[in-house]
Every structure is written in C-alpha cells, then in structure tokens.
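Working notes, structure below.
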C-alpha cells in the first residue's frame, strides 16, 4: 500500500510540473544607464525552486512570483555606501576599532551588523564572536551624505588581535517604494514615483495580467532583496496573498535565489489574480476573497540589505623606550 501511495504522489507532482510549464517572457534590454525592458510575452515560466522547504510552500512560491535575473546593468554609482576604518593599521593592544559608515549617494538606510574575518593560510576565515553575543544600537538612520560611526569592541570576540590582516563586513537595511495604477486594461507606473539613482525601482507598463516589478542595482555592491516585493496601498500594508509574507522561509528562499551582484537587476512578475480556493487561513480567505486586485493605485515595496567590506592591518605594539638617568 505504501508503494502505491508513493507512486501516486510522484505521479501527481510530475503532472503538476508539466501543467505549470509556460512560455518564457521575451526580455529586450541594454546595458545603458537606464535599463530598457519590454514585456513582449506576458506568459511566464515558473522559476526553478530547489530550496529545502516544504512542498506546500514551494507550490505557493510558484504561484507568487517569477524571477528573471538581468546582467550587464551599468554601474553609475560605485560605492554608493562605503565603510572604512579610521586608521589603516592598529596595534595588538587595540581595544576598539571605529568604523565610518558613509552614505555617499544612496537612499536613506538603517545601520545593521558587523562581523570580522582574519587571513589564515591563504584564505579568509571567520574571526569568531564570543558565545551568546548580542547586538544593540542597530537601526540608526544613515541619510544621503551622512557618515555615522560603528564602534567595534574587541571584547566582542573570542580572541585577541594578532599581527595579521583583517576584514570587516557590514550591511545596511533600506525600504524602497514605487507606485502603479491598475485599470481594467493595463498597469501603468505612476509618474515621478519611480526610484532613480544608485538603485532604480519601478513597475513596468504592461497589460493588466501581472505586476512586472524591476529592481536595478547600479552600484558595485552586493544587494539582497530580503522578501518578495510587497503589494499594498498607503492605508493597507498588504492586499495580495502571494506578495511579501514576512515568513522566515521566504527569507531563506530569497537568499538562495535573489542575491544581486553589482551591475545586476531582477524582474519580479506577480499575477494580479489568485485562486481563492488555495487560501488557507480564515484571515486570508476574508482579506483576499475578491481573488483579484481591483482597479486603483498601489504601493509596491522592497526591503533590501546592502553589503560592504573593508580591510585593515594589525601590528605589534611598539616597545616604549626606557629613559636613562644622568649620572
């Protein structure tokens, strides 16, 4: 009996995979400062998902979004955020390193966490924190043009500094938004709501079958979209059941599939309608019972982490000279 059940389950999965296959969208783009993309075919192919999460959640992601990675985006804002130690060389007796975090020309962001590595046997390895290490003071806002200090105490780490070279990793968190209008026939970006500069974020004009949301990284830094894009209004945080959920499994899935290097973009495609029979909770069934986004204005959001690194050296502390008394 068990073998029959397993066989039927496998058959169902295979059939589901076959019925989900659709045409790949045609993307027309270039490597100029503004990436021009036209959606020539709004039928999209389900993204290949292989993250270690339950099958039920994988099926939900297939319904939620299609991801298309786009290379060769022009880097117009290198080091839009950057970090640097206040001194290039420290001594083995150093108790604290002050890291300057600079917003050169990027959206306002919140300061988050640091970590360190040390050079050993030709490679970078972790410089470990003490056990049960906790952080405080995150969430300070770094506006464009600002420099804020990050104090790194050596008491946070298991080992003392030794003559060597070290690397500090740090990241900031930003919320970015844009707007679009859904009509009975089309989806249009709201004029002057598109983010421009180091990161470009907009909704592409298209037919009213799917939201095509484009995020472009015009920096040389790695950027991690934390969740899927959110779909809401100025009054409501979420009006779409297959947009950003806030679930930890979604974070893990995005980290496996959506990390963007410098000069890359990501096109998210989210259908404007959904199967209400697939909604599980009573809250979702009530909140999303319409099964489609009604005509109106929508706020599209994306939460991102931006990663930076810098290096410094450690040398032995100089031995103080002994003074001699005159005879």
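Residue numbers (the UniProt record's numbering): 1 to 327.
Don't be surprised by glycine CBs; every beta carbon is placed ideally from N, CA and C.
In this text the structure is predicted, and so the values were computed from the model without any measurement.
Roughly how many angstroms separate the alpha carbons of residue i and residue j, rounded to a whole number?
| i | j | result |
| --- | --- | --- |
| residue 267 | residue 214 | 5 Å |
| residue 92 | residue 129 | 17 Å |
| residue 75 | residue 263 | 6 Å |
| residue 178 | residue 317 | 52 Å |
| residue 70 | residue 261 | 11 Å |
| residue 219 | residue 79 | 6 Å |
| residue 211 | residue 269 | 5 Å |
| residue 271 | residue 231 | 11 Å |
| residue 311 | residue 247 | 35 Å |
| residue 365 | residue 82 | Because residue 365 is not part of the residues shown, which for the chain are 1 to 327, the question remains open. |
| residue 244 | residue 229 | 6 Å |
| residue 150 | residue 239 | 38 Å |
| residue 174 | residue 110 | 6 Å |
| residue 195 | residue 217 | 11 Å |
| residue 132 | residue 125 | 20 Å |
| residue 47 | residue 205 | For residue 47, the predicted structure reports a pLDDT of 37, less than 50, and the residue's modelled location is therefore unreliable. The matter cannot be settled from this model. |
| residue 288 | residue 187 | 20 Å |
| residue 328 | residue 278 | Missing from the structure shown is residue 328; the chain here goes from 1 to 327 and no further. |
| residue 77 | residue 198 | 5 Å |
| residue 118 | residue 84 | 16 Å |
| residue 265 | residue 256 | 16 Å |
From the options, pick the residue whose C-alpha is nearest to that of residue i; which is it?
| i | options | result |
| --- | --- | --- |
| residue 87 | 166, 171, 144, 278 | 166 |
| residue 300 | 312, 251, 255, 202 | 202 |
| residue 293 | 228, 246, 208 | 208 |
| residue 302 | 289, 237, 313 | 237 |
| residue 114 | 245, 246, 100 | 100 |
| residue 306 | 251, 171, 314 | 171 |
| residue 147 | 186, 233, 98, 194 | 98 |
| residue 233 | 296, 124, 117 | 296 |
| residue 200 | 278, 131, 106, 150 | 106 |
| residue 67 | 191, 279, 258 | 258 |
| residue 193 | 121, 180, 187 | 180 |
| residue 116 | 168, 221, 197 | 168 |
| residue 65 | 273, 195, 162 | 273 |
| residue 160 | 95, 279, 278 | 95 |
| residue 315 | 144, 164, 134, 222 | 164 |
| residue 291 | 122, 241, 73 | 241 |
| residue 304 | 313, 275, 254 | 254 |
From the DSSP secondary-structure annotation, give me the bridge partner or partners of residue i.
| i | result |
| --- | --- |
| residue 69 | 266 |
| residue 299 | 179, 232 |
| residue 285 | Its beta-bridge partners do not exist; DSSP assigns none. |
| residue 395 | The chain is shown only over 1 to 327; residue 395 falls outside these bounds and no answer can be derived. |
| residue 315 | 91 |
| residue 250 | Residue 250 pairs with nothing; no bridge assigned. |
| residue 221 | Note: residue 221 sits in no beta bridge, so no partner. |
| residue 260 | 223 |
| residue 271 | 210 |
Contained beta strand (DSSP E) runs [length at least 3] in the UniProt domain "Bacterial Ig-like" (81-169), N- to C-terminal order: If you keep only unbroken beta strand (DSSP E) runs of at least 3 residues inside the UniProt domain "Bacterial Ig-like" (81-169), you get 81-85, 89-91, 96-103, 109-120, 123-127, 147-153.
Length at least 3, wholly inside the segment 169-218: the beta strand (DSSP E) runs in chain order: 186-189, 199-203, 210-217
Between the segment 279-290 and the segment 150-159, can you find at least three pairs of beta-carbon atoms closer than 8 Å? no
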